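Residue numbers (this note's numbering), protein chains in the order written: chain A, 10 to 313; chain B, 10 to 313; chain C, 508 to 752; chain D, 508 to 752.
Even for Gly, the Cβ is constructed at its ideal location relative to N, Cα and C.
Everything numeric in this text was worked out from a predicted model, so none of it was measured.
Some notes on the structure that comes next.
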Ligand SMILES: Cc1cc2nc3c(=O)[nH]c(=O)nc-3n(C[C@H](O)[C@H](O)[C@H](O)COP(=O)(O)OP(=O)(O)OC[C@H]3O[C@@H](n4cnc5c(N)ncnc54)[C@H](O)[C@@H]3O)c2cc1C
Ligand SMILES: Cc1cc2nc3c(=O)[nH]c(=O)nc-3n(C[C@H](O)[C@H](O)[C@H](O)COP(=O)(O)OP(=O)(O)OC[C@H]3O[C@@H](n4cnc5c(N)ncnc54)[C@H](O)[C@@H]3O)c2cc1C
Ligand SMILES: Cc1cc2nc3c(=O)[nH]c(=O)nc-3n(C[C@H](O)[C@H](O)[C@H](O)COP(=O)(O)O)c2cc1C
Ligand SMILES: Cc1cc2nc3c(=O)[nH]c(=O)nc-3n(C[C@H](O)[C@H](O)[C@H](O)COP(=O)(O)O)c2cc1C
Ligand code: FES
Ligand code: FES
């Protein structure tokens with residue numbers, strides 16, 4: 010008996026609910042023999058309009074059940090992306106979305122315009138965890154007006170699916186979620202990493218050259234499940250859960266908590282085949298419970 | 010060679026920098042044979058003016074390197090505290106602060122007035138992670154005006170030290186830190202637990218009866234170090250670091266990051282002697298580095 | 508850890524050296540175990556036997572922590588906190604004690620037999636399981652009654668149904684079974700299971716809902732309660748086990 | 508894991524069965540190891556030896572992960588990802604290869620000797636350590652030179668100072684030592700150490716600052732670099748190890 014694992018995220022149909030998270034799967038081309046047949050979709054490494062060097066090492070530090078990273082959005086810029094990667098994506102049998110970044114709403118818009126219509130690019134995931142340079146370095150992600158402005162700027166430039174990836178560093182995620190829903194987002198991704206810091210007590214300073222980094226991995230899972238659940242309760246568009254998913258049971262927590270799909274990040278570092286194993290494990294769980302499709306999974310989503 | 014581990018938190022002198030965190034050391038009387046000689050101070054379980062039953066079980070759930078709790082501030086109320094516990098605290102050779110809670114600024118004030126001057130009570134730690142019932146259940150902790158109002162209400166009723174315990178569930182902890190500093194806090198405690206959720210995928214719902222709980226333990230340490238550091242950079246009053254401290258090295262991360270002292274919580278559940286071991290380990294570290302006192306430890310506290 | 512042996516399908520007895528606990532433990536009390544590389548929180552286990560400097564616990568694998576424990580070898584080190592909680596009380600005497608246990612509920616019964624005997628009582632040992640293979644055959648009673656759900660050994664039915672009346676009833680098993688005990692013998696002493704954060708009374712995580720309202724701490728006022736004092740419908744009867752890493 | 512032996516004070520060689528890696532590995536490549544109950548991220552180790560279906564790594568305990576690895580017993584299972592990275596290149600030939608290693612930097616050198624010999628080269632093995640006790644005595648060269656900081660064995664001084672010039676220089680050791688290599692032989696091939704998140708090129712965590720600006724991935728473009736290509740002052744020379752739980 011096979012289970013129907015397909016998912017509809019608005020107009021976008023995915024063959025499965027397990028996606029590769031931005032920044033943890035590169036451009037999809039790095040690991041040569043990887044089995045990608047279970048991949049629902051891939052979100053590529055975050056990109057800016059122009060090439061960026063990224064931060065100086067050390068860029069990562071391990072913490073209890075987690076890791077901090079400060080990569081600084083190293084990337085080749087839009088031109089190289091279009092030239093070097095998009096043509097390969099166009100050959101693949103799953104959609105690739107580009108994680109887009111900018112220092113102002115108009116920069117996000119410009120980047121979208123450059124990428125829209127390029128074969129191989131199936132949609133956009135807006136990363137609003139960037140500092141808003143126009144507003145003095147405040148984050149887009151915790152200001153509903155700024156978050157909505159970025160979403161609109163992107164929405165205006167493309168008819169492709171636009172997802173907005175929320176930051177957890179907010180007082181009330183529901184406010185941001187509703188703001189970007191109103192601004193035209195097709196789906197929300199919850200969540201990006203939490204800002205954290207690790208101190209080297211022997212050198213009396215931060216371990217990371219950037220001082221702070223984003224915390225990912227199992228440590229954040231209970232926080233991520235809560236935030237994804239809060240986002241799902243706040244909006245009508247689909248929510249994609251992210252944070253600390255290592256195996257199928259973890260993904261099922263997000264799905265039961267009201268998410269339509271999930272993204273797997275750090276787990277891929279530990280196990281390049283993590284996505285396939287999570288996908289298969291969800292299938293096995295549904296089968297064991299007697300469900301014929303993912304849609305039948307009961308969701309815990311009180312609307313109050 | 011002995012190291013001077015004493016700490017001055019404003020007018021309050023402590024014999025050591027390692028304190029017992031509220032809700033994790035009960036009223037200090039539960040574990041009969043415990044060695045309390047290393048304790049800098051104790052913060053008692055959070056209390057309301059009136060007795061509270063707390064939440065239904067299950068109240069706790071374990072997560073990777075962490076635990077969720079939803080105790081619901083079960084407690085006997087101010088009268089029983091004064092009658093049953095304060096007299097015992099008065100005999101101890103370290104200060105006991107009471108973690109105070111309320112549903113409105115005036116309730117906090119009333120509770121302070123009831124406890125101020127009672128022998129055995131050396132000060133107050135204001136828990137602003139409570140919902141502000143007067144303002145429709147929003148949290149005091151992520152509204153600078155509400156947080157300041159509570160601090161003022163307490164400040165007006167006592168000359169004893171007033172600490173404010175910050176919640177991490179905020180967009181910018183510096184804003185809240187400065188607001189409560191201006192309102193008269195003597196020290197800040199950073200941080201309380203993060204809101205999280207854990208799903209039982211077999212019953213398709215939350216593990217905790219309260220649905221969400223507060224995440225504590227090593228999982229949150231990098232987040233807590235960052236927030237305590239941010240708070241310490243924002244204010245001039247001392248900051249007490251809290252979150253995931255299991256051993257001396259962890260406490261030293263907070264101290265290097267700019268904290269004057271630390272509180273140990275969940276570690277005590279695992280090891281009732283954790284506080285003494287953290288205290289001794291800090292002493293051993295300072296000795297190994299050739300420092301004669303905790304004051305000599307280099308701090309990483311850029312003020313920009 | 509000093510030894511490990513199987514006593515029923517999926518059920519093991521694990522021995523460890525713990526002189527102070529062995530000397531002081533009473534039936535119904537528990538120890539809270541931690542070990543290097545183990546889960547964050549300790550895991551509570553009733554003391555099964557205490558002899559000389561050694562204690563034993565009964566172990567059943569239900570999740571990651573118990574699986575790690577079972578995988579340990581004699582010679583490996585455990586951190587053992589206890590004895591914790593309030594045990595069974597045989598002080599008020601009576602002539603006849605009935606010890607009723609279901610499944611893992613057998614854990615405190617060897618010590619209960621010891622303490623009841625010390626109080627001069629005659630003991631009836633009633634132990635039930637789903638099927639003969641899961642029945643722990645170790646027993647200590649003047650009368651011994653077996654019960655299995657499928658009738659594969661002893662009386663067919665539950666241990667509660669199989670047990671006679673007596674002055675003193677002590678019981679341990681799934682919370683559902685203990686609710687049945689409360690129905691039949693409101694004055695019985697029952698040892699309940701909850702999640703525990705600390706085991707020492709400081710976290711309030713082990714709340715047991717009481718008939719008179721409010722909550723008690725299973726680790727401090729319990730884990731042994733007068734059956735009628737517990738608000739059984741409000742106590743989760745099923746504890747979902749699962750910490751994944 | 509198939510075996511474990513000590514080769515110098517604090518330095519061990521650990522064997523494991525890994526047929527595909529053993530068949531394909533080149534000198535300077537590494538494997539990324541994970542194990543049940545281990546830290547979240549894998550730990551990278553150069554391949555020391557490859558024979559039949561087995562590989563060996565050199566292991567020094569610096570933190571929690573390496574301590575766990577050393578505590579493992581033959582028969583325990585490891586997950587081994589590899590071979591990863593770009594190894595030393597002996598393709599452009601030359602007659603004389605000098606292999607310079609300091610401390611743990613000895614790890615890729617046995618394979619380097621194998622590959623250089625296969626390319627028809629004559630090999631000088633230069634290995635240094637702080638003191639004789641820490642010197643790994645296993646070597647493979649037509650000429651072998653030892654160096655110790657304290658002169659307790661071989662030449663007193665660093666391996667770099669003790670090494671002769673040659674067509675092909677390959678070096679491995681602390682980043683500080685490799686910076687000295689770059690000063691003396693800009694064209695040398697050096698294998699560098701960094702923190703790694705994935706080892707497979709997807710996380711960008713293993714950034715190596717380049718002389719021409721920007722960063723490379725140690726796990727993909729590296730860990731072997733032309734010495735002059737690395738921006739040594741920008742590369743952390745000291746990696747603080749510490750994950751506490
Ligand atoms: C007083 C008392 C006595 C017990 N005696 C025995 C005994 O003699 N033999 C035996 O096999 N089992 C006994 N248990 C149950 C045993 O503690 C659990 O099986 C064990 O904690 C499960 O851990 P795990 O890591 O395998 O499961 P996990 O899936 O990892 O457990 C998940 C989480 O729940 C907590 N938890 C789960 N179940 C319990 C529980 N029942 N009590 C407290 N915390 C729990 C764990 O601490 C952890 O936080 C007893 C429990 C209590 C409260
Ligand atoms: C290409 C390469 C080859 C190596 N070859 C060897 C070898 O042959 N023999 C040997 O003993 N050691 C080798 N190392 C170093 C070895 O990987 C570290 O000693 C080990 O990762 C430390 O782990 P730990 O848990 O003991 O320390 P921890 O204190 O737990 O490490 C803390 C954190 O830093 C990371 N980390 C620490 N050091 C390193 C490091 N050097 N490289 C990557 N990540 C690190 C860990 O992944 C973890 O995130 C090599 C490293 C690299 C990059
Ligand atoms: C090394 C690394 C790089 C990342 N880069 C990006 C990025 O470029 N854009 C983005 O939106 N998120 C990025 N993320 C965040 C992940 O996509 C994901 O939201 C986060 O890691 C939480 O999921 P996880 O716990 O499964 O890793 C990155 C995460 C890691 C660990
Ligand atoms: C079971 C439990 C109960 C707690 N009760 C309180 C409380 O009553 N008041 C309060 O301010 N913080 C309370 N806390 C939060 C702790 O004081 C501390 O801020 C938090 O646990 C983080 O520290 P830790 O990681 O060392 O535990 C509680 C924490 C736990 C785990
Ligand atoms: S387990 Fe902590 S109070 Fe009982
Ligand atoms: S370690 Fe991840 S890219 Fe190199």
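Query raised in the report: Looking at residue 590/C and residue 535/C, is the spacing between their C-beta atoms short of 7 Å?
Result: no
Query raised in the report: Any beta-carbon of chain D closer than 7 Å to the one on residue 71/A?
Result: yes
Query - residue 97/B, DSSP secondary structure in three states - result: helix
**Report entry** Cβ separation of residue 293/A and residue 283/A, assumed to be a contact under 8 Å, to the nearest whole Å
**Finding:** Their Cβ separation, rounded to whole angstroms, is 15 Å, which puts residue 293/A and residue 283/A out of contact at 8 Å.
Query raised in the report: Between the C-alpha atoms of residue 154/A and residue 188/A, what's the straight-line distance to the nearest angstrom?
Result: 7 Å
Query raised in the report: Does any heavy atom of ligand 1 sit closer than 6 Å to the C-beta of residue 551/C?
Result: yes
Query raised in the report: What does residue 595/C pair with, by DSSP beta-bridge criteria?
Result: Residue 595/C pairs with nothing; no bridge assigned.
Report task. Could you tell me if the beta carbon of residue 571/C falls within a distance shorter than 6 Å of some heavy atom in ligand 1? Result -> yes
**Report entry** Per-residue burial, residue 46/B [other beta carbons within 10 Å of its own, 16 or more giving buried]
**Finding:** exposed
Query - Proximity of residue 119/B and residue 52/B at Cβ, strictly below 7 Å - result: no
Report task. Quickly, what does DSSP pair residue 635/C with across the bridge? List them, please. Result -> 609/C, 654/C
Report task. Please name the residues in the region 86-107 of chain B whose beta-carbon is closer than 8 Å to at least one beta-carbon of chain C, in chain order. Result -> none
Query raised in the report: Which whole-angstrom value describes the C-beta separation of residue 61/B and residue 79/B, a residue pair presumed to lie in contact below a C-beta threshold of 8 Å?
Result: The pair is not a contact, with the Cβ atoms about 13 Å apart (cut-off 8 Å).
Requested in this report: Say whether chain B places a C-beta atom closer than 7 Å to the C-beta of residue 224/A.
Outcome: yes
**Report entry** Beta carbon proximity, residue 708/D to chain A, threshold 7 Å
**Finding:** yes
Query raised in the report: Could you give the residue range of the beta strand (DSSP E) that holds residue 59/A?
Result: Residue 59/A -> no beta strand (DSSP E), and no H or E assigned at all.
Report task. Specify, as a first and last residue, the run of the beta strand (DSSP E) that residue 224/A falls within. Result -> 221-225
Requested in this report: Enumerate in chain order the residues of its own chain whose CB-to-CB distance from residue 710/C is below 7 Å, with the five nearest sequence positions on each side excluded.
Outcome: 704
Query - Proximal chain A residues relative to residue 714/D, where beta-carbon distance stays under 7 Å - result: 63, 66, 68
Query - residue 214/B: contacting residues in chain A (beta-carbon distance under 8 Å) - result: 265, 309
Requested in this report: May I have all residues whose beta carbon comes closer than 7 Å to any heavy atom of ligand 6, sorted in chain order?
Outcome: 278/A, 703/D, 704/D, 705/D, 706/D, 707/D, 708/D, 709/D, 710/D, 711/D, 712/D, 713/D, 724/D, 725/D, 726/D, 727/D
Query raised in the report: Got a sec? Which residues, its chain only, sit under 7 Å from residue 149/A by beta carbon, not counting five neighbours each side?
Result: 137, 139, 141, 155, 156, 159
Query - Pick from 161/A, 191/A, 54/A, 104/A that is closest to residue 243/A, judged by C-alpha positions - result: 191/A
Requested in this report: Using a cut-off of 7 Å between C-beta atoms, extract the partners of residue 74/B located in chain C.
Outcome: 547
Query raised in the report: From 532/D, 670/D, 555/D, pick the residue whose C-alpha is nearest to that of residue 605/D; which is it?
Result: 670/D
Query raised in the report: Apart from the five residues just before and just after residue 104/B, which ones in its own chain have a Cβ nearer than 6 Å to its Cβ?
Result: 50, 131
Query raised in the report: Going along chain A, which residues have a C-beta under 8 Å from residue 742/D?
Result: 66
Query raised in the report: How about residue 76/A and residue 214/A: are their beta carbons less than 7 Å apart?
Result: no
Query raised in the report: How about residue 253/B and residue 233/B: are their beta carbons less than 7 Å apart?
Result: yes
Query raised in the report: Is it the case that the CB of residue 30/A approaches a heavy atom of ligand 3 more closely than 6 Å?
Result: yes
Query - Pick from 286/A, 278/A, 95/A that is closest to residue 48/A, judged by C-alpha positions - result: 286/A
Query raised in the report: Are residue 82/B and residue 55/B touching if we call contact CB-CB under 7 Å?
Result: yes
Report task. Note down, in chain order, all residues in the region 156-181 of chain A with a beta-carbon under 7 Å from any beta-carbon belonging to chain B. Result -> 178, 179, 180
Report task. Please list, in chain order, all residues of the same chain as residue 250/A whose beta carbon is under 6 Å from its beta carbon, the five residues on each side excluded. Result -> 237, 263, 268, 271
Requested in this report: Figure out for me which residue from 742/C, 577/C, 588/C, 544/C has the closest Cα to the Cα of residue 42/B.
Outcome: 588/C
**Report entry** Close beta carbons around residue 738/D, own chain, < 7 Å, minus the five adjacent residues each side
**Finding:** 716, 717, 718
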